[in-house]
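Working notes, structure below.
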Amino acid sequence: MVDPFQRPMFEPELWGLRGKEAELAALCRRLGREKFAPRARAYDREARFPTENYDDLREAGLLAICVPERYGGLGADYRAYMLAAAEIGRFCGATALTFNMHVCSCLWTGELADALEMTPEERDSHERRRQRHYRRIVEEGRIYAQPFSEGGAAAAGVEPFATTARRVDGGWVVNGRKIFASLAGNADYYGVLCTEVREDGRLRRRDTLYLAVPADAPGVTVEGEWDPLGMRATVSRNLRFEEVFVPEEEALMPPGVYHRAVLAWPHMFLTLTPTYLGLAQAAYDFTIAYLRGEVPGMPPVKRRMYPTKQLAVAQMHTMLEQTKALWFRAISEARCHPPKEAVMRAWAAQYTVMENANEIAQLAIRTCGGQAMLERFPLARIYRDSRCGSLMLPWTAEICLDRLGRAALYEEGERDDA
Ligand SMILES: Cc1cc2nc3c(=O)[nH]c(=O)nc-3n(C[C@H](O)[C@H](O)[C@H](O)COP(=O)(O)OP(=O)(O)OC[C@H]3O[C@@H](n4cnc5c(N)ncnc54)[C@H](O)[C@@H]3O)c2cc1C
8 MVDPFQRPMF EPELWGLRGK EAELAALCRR LGREKFAPRA RAYDREARFP TENYDDLREA
68 GLLAICVPER YGGLGADYRA YMLAAAEIGR FCGATALTFN MHVCSCLWTG ELADALEMTP
128 EERDSHERRR QRHYRRIVEE GRIYAQPFSE GGAAAAGVEP FATTARRVDG GWVVNGRKIF
188 ASLAGNADYY GVLCTEVRED GRLRRRDTLY LAVPADAPGV TVEGEWDPLG MRATVSRNLR
248 FEEVFVPEEE ALMPPGVYHR AVLAWPHMFL TLTPTYLGLA QAAYDFTIAY LRGEVPGMPP
308 VKRRMYPTKQ LAVAQMHTML EQTKALWFRA ISEARCHPPK EAVMRAWAAQ YTVMENANEI
368 AQLAIRTCGG QAMLERFPLA RIYRDSRCGS LMLPWTAEIC LDRLGRAALY EEGERDDA
């Protein structure tokens with residue numbers, strides 16, 4: 008009997024992983040197999056937040072995975088986090104996706120911010136404030152969410168966020184509404200992206216603020232229902248902010264720095280992919296176990312001897328290998344100010360992971376057959392969860408294609424109307 012879920016997604020020696028990358032991925036795989044996988048079905052059915060999984064993540068120190076070691080965290084860099092997160096996605100997509108929202112609050116304020124240009128004053132204030140956030144995560148096990156979607160063009164990166172922050176003595180007053188806020192009602196802080204209103208009243212993207220709004224601050228409400236097709240346990244309900252006072256020290260980045268990060272560190276948006284790469288691997292692994300007659304709870308009927316099954320598995324295998332190779336390359340070249348070629352590869356990797364995850368899941372259902380899609384097996388959930396990947400802004404599948412096409416045909420500054 009072979010248990011494919013025990014194998015690393017990226018075998019450390021073959022893929023040349025560094026020590027910490029391999030260790031963290033192994034830790035996440037163990038937690039996923041032993042703890043998250045058995046709970047996933049109930050969370051999905053009830054559209055309930057995976058609180059118990061978060062207790063396990065906290066106990067293992069993983070809430071601080073991207074908090075630098077000098078602040079008491081595990082000190083994972085971008086690639087180490089991506090590899091570890093993919094292992095979580097194999098066992099519970101919703102846990103991996105929500106975990107990403109939390110981890111971004113550390114990754115963006117940590118490794119990304121360190122690489123950005125800042126004035127000495129900005130650097131000082133950032134250093135002071137991030138210590139406060141990291142302490143909360145390391146010592147108190149607090150959870151952060153990442154609400155930026157508003158239903159307009161802001162989440163696609165085209166317009167300023169309509170959620171506003173008005174400067175007042177000692178901080179800001181925030182007003183607005185966010186949709187699809189994963190962890191709504193379950194996070195301790197919402198890492199809200201909003202636009203600081205200047206004297207002329209105009210909203211500009213360069214005035215974006217990134218603020219940690221305490222979930223229990225007066226004026227914060229969670230609203231709307233959450234009964235979606237997939238990723239049900241993310242509990243991505245809506246958030247409303249009405250005259251919410253946010254003290255100055257709750258800024259996760261100095262004013263203007265988030266916008267600089269968007270321009271200089273585009274791979275920051277690729278962090279939604281490990282969840283879906285994990286789902287793709289899970290669909291493939293399930294198919295192998297099923298066709299070998301080795302899925303627990305199923306009669307040990309083998310189906311692997313049929314050429315049609317072998318061909319389908321070959322197709323899935325090839326698609327998974329293509330996806331992993333491109334993704335690994337893209338996460339390995341993430342950096343501040345990457346060249347155009349690397350940015351285009353990041354869009355191609357995002358598109359490929361998000362589209363192929365669902366394609367591999369649908370091939371898995373077709374290949375395994377009717378009994379395999381009963382809800383007591385993970386395949387139906389993987390299929391539904393993987394459908395959500397290409398909808399994630401700002402790099403939806405459509406937007407990736409749109410940008411890739413233009414970037415391939417036009418060099419910087421080129422126009423056709425000259
Ligand atoms: C399970 C799940 C969890 C989520 N969690 C979070 C979260 O924690 N935080 C958060 O902020 N958001 C989250 N989102 C929101 C997500 O990123 C999208 O904002 C959300 O799916 C709503 O998008 P929409 O399809 O209504 O967007 P719309 O803006 O209506 O766009 C529809 C489609 O049009 C295309 N489009 C939009 N703008 C452009 C453009 N300028 N150029 C070309 N094409 C464009 C895109 O392909 C897009 O898919 C989550 C979504 C899901 C499904």
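Under our numbering, think of the first position of the sequence shown as 8, with each following residue one higher.
Even for Gly, the Cβ is constructed at its ideal location relative to N, Cα and C.
Bear in mind that the values here come from a model prediction, so they are computed numbers and not experimental data.
Helix, strand or coil, according to DSSP, for TYR417 in the structure here? As a first step, residue 417 must be located in the sequence shown, where it is residue number 410. Of the three classes helix, strand and coil, the one that applies to TYR417 here is coil, per DSSP.
Under a three-way DSSP split, which group does CYS99 fall into? Residue numbering aside, residue 99 sits at position 92 when the sequence shown is read from its first letter. Note: CYS99 maps to coil in three-state DSSP.
Beta-carbon separation (whole angstroms), PRO11 vs ASP292, contact threshold 8 Å: Residue 11 sits at position 4 when you count from the first residue of the sequence shown. Residue 292 sits at position 285 when you count from the first residue of the sequence shown. With 8 Å as the limit, PRO11 and ASP292 qualify as a contact, their Cβ atoms being about 4 Å apart.
Ligand 1 and GLU405: does the residue's C-beta get closer than 6 Å to at least one heavy atom of that ligand? One-based indexing of the sequence shown puts residue 405 at position 398. Yes; taking the cut-off as 6 Å, the Cβ of GLU405 has a heavy atom of ligand 1 nearer than that.
Looking at the unbroken beta strand (DSSP E) that takes in ARG336, where does it start and where does it end? For the purposes of this step, residue 336 is identified with residue 329 of the sequence shown, where counting begins at 1. Taken as a continuous stretch (DSSP letters only), ARG336 belongs to no beta strand (DSSP E), being part of the alpha helix (DSSP H) at 314–339.
Nearest neighbour of ILE372, chosen from ALA404, PRO303, GLN329 and ILE295 [CA to CA]: Stepping through the sequence shown from its first residue, residue 372 is reached at position 365. Measuring from the Cα of ILE372, the nearest candidate turns out to be ILE295.
Quick one: is the Cβ of PHE155 within less than 6 Å of any heavy atom of ligand 1? Position 148 of the sequence shown holds residue 155. Yes - ligand 1 has a heavy atom lying nearer than 6 Å to the Cβ of PHE155.
Leaving aside the five residues before and after VAL251 along the sequence, list all residues of the same chain whose C-beta is less than 8 Å from its C-beta, in chain order. Along the sequence shown, one-based indexing puts residue 251 at 244. If we look at VAL251 and ignore the five residues flanking it on each side, its Cβ neighbours are VAL180, VAL181, ASN182, VAL220, ALA224, PRO225, GLY226 and VAL227.
Helix, strand or coil: which one does DSSP assign to ILE150? Numbered from 1 along the sequence shown, position 143 holds the residue referred to as residue 150. ILE150 falls in the coil class under three-state DSSP.
Check each candidate in MET260, PRO401 and THR330 and name the one with the smallest Cα separation from ARG451. Given that the chain is displayed from residue 8 to residue 425, the structure contains no residue 451 and the question cannot be resolved.
Report yes if the C-beta of LEU398 is less than 6 Å from at least one heavy atom of ligand 1; otherwise report no. Within the sequence shown, the letter at position 391 stands for residue 398. Under cutoff, so the answer is yes.
Rounded separation between PRO385 and ASP423 - CA only: If you number the sequence shown from 1, residue 385 lands on position 378. If you number the sequence shown from 1, residue 423 lands on position 416. Cα-Cα distance, rounded: 50 Å.
If you draw a straight line from the alpha carbon of ALA152 to that of ARG247, how long is it in whole angstroms? Within the sequence shown, the letter at position 145 stands for residue 152. Within the sequence shown, the letter at position 240 stands for residue 247. The alpha-carbon atoms of ALA152 and ARG247 are separated by roughly 14 Å.
According to the Cβ coordinates, are ASP286 and GLY96 closer than 7 Å? For this step, residue 286 is matched to residue 279 along the sequence shown. For this step, residue 96 is matched to residue 89 along the sequence shown. Note that residue 286 is Leu in the sequence shown, not Asp. Against a cut-off of 7 Å, the Cβ pair of GLY96 and LEU286 comes out as a contact.
Looking at the structure shown, is ALA349 part of a helix, part of a strand, or coil, going by DSSP? Locating residue 349 in the sequence shown gives position 342, where the first residue counts as 1. It is helical.
Count the other CB atoms, across all protein chains shown, that sit within 10 Å of the CB of ASP392; report buried if there are 16 or more and exposed otherwise. Taking the first residue of the sequence shown as position 1, residue 392 is located at position 385. Buried, since its Cβ has 16 or more Cβ neighbours within 10 Å.
Between VAL9 and chain D, is the shortest Cβ-Cβ distance under 7 Å, so that the two count as touching? Here there is only one protein chain, and chain D is not present.
Where does GLU366 sit, in a helix, a strand or coil, going by DSSP? Along the sequence shown, read from residue 1 onward, the residue named residue 366 stands at position 359. It is helical.
Extent of the continuous alpha helix (DSSP H) to which CYS35 belongs: As a position in the sequence shown, residue 35 is number 28, starting the count at 1. Residues 26–38.
Confirm the yes/no value for this check: CB of MET5, any heavy atom of ligand 1, distance under 6 Å. Because the chain spans 8 through 425 in this model, residue 5 falls outside it and cannot be assessed.
Close beta carbons around MET238, own chain, < 7 Å, minus the five adjacent residues each side: Translated into the one-based positions of the sequence shown, residue 238 becomes position 231. Cβ neighbours of MET238 beyond the five flanking positions: GLY100, ALA101, LEU104, ASP392 and CYS395.
Any non-hydrogen atom of ligand 1 within 6 Å of VAL165 CB: Position 158 of the sequence shown, counting from 1, holds the residue named residue 165. Checking every heavy atom of ligand 1 against the Cβ of VAL165, one is found closer than 6 Å.
What is the C-beta distance between GLY82 and GLU76, in whole angstroms, given that I count them as a contact (C-beta under 8 Å)? The residue labelled residue 82 in the question sits at position 75 within the sequence shown. The residue labelled residue 76 in the question sits at position 69 within the sequence shown. Rounded, the Cβ-Cβ distance is 4 Å, consistent with contact.
Compute the distance between the beta-carbons of ALA415 and TRP233, then report whether it is under 7 Å. Start at 1 with the first residue of the sequence shown, and residue 415 comes out as number 408. Start at 1 with the first residue of the sequence shown, and residue 233 comes out as number 226. No, these two residues do not count as a Cβ contact at 7 Å.
Measure from the alpha carbon of ARG135 to the alpha carbon of each residue in VAL165, ALA188, LEU259 and GLU124, then state which is nearest. Here residue 135 corresponds to residue number 128 of the sequence shown, with the count starting at 1. Selected option, being the one with the closest Cα: LEU259.
Thinking C-alpha only, which one of MET8, VAL9 and LEU31 is nearest PRO19? Counted from its first residue, the sequence shown places residue 19 at position 12. The shortest C-alpha separation from PRO19 is found at LEU31.
Could you tell me whether the Cβ atoms of LEU216 and PRO262 are closer together than 7 Å? Position 209 of the sequence shown holds residue 216. Position 255 of the sequence shown holds residue 262. In contact: LEU216 and PRO262 (Cβ atoms closer than 7 Å).
Taking the alpha carbon of GLY198 as the point to measure from, which residue in TYR297, ALA222 and CYS375 has its own alpha carbon closest? Start at 1 with the first residue of the sequence shown, and residue 198 comes out as number 191. The candidate whose alpha carbon is nearest that of GLY198 is ALA222.
Got a sec: does ligand 1 put a non-hydrogen atom nearer than 6 Å to the Cβ of CYS343? Translated into positions along the sequence shown, residue 343 becomes position 336. Incorrect: CYS343 has no Cβ contact closer than 6 Å to ligand 1.
Suppose contacts are defined by Cβ-Cβ distances below 7 Å. Is GLN288 in contact with MET108 by that definition? Taking the sequence shown and counting its residues from 1, one reaches residue 288 at position 281. Taking the sequence shown and counting its residues from 1, one reaches residue 108 at position 101. Not closer than 7 Å, so no.
Give the DSSP bridge partners of ASN245, in chain order. Sequence index remark: in the sequence shown, residue 245 carries index 238 (1-based). Partner(s): GLU230.
Buried or exposed for HIS140, please, with buried defined as at least 16 other CB atoms from any protein chain shown within 10 angstroms of its CB. The sequence position of residue 140 within the sequence shown is 133, counting from 1. The residue is buried, with at least 16 neighbouring Cβ atoms inside 10 Å.
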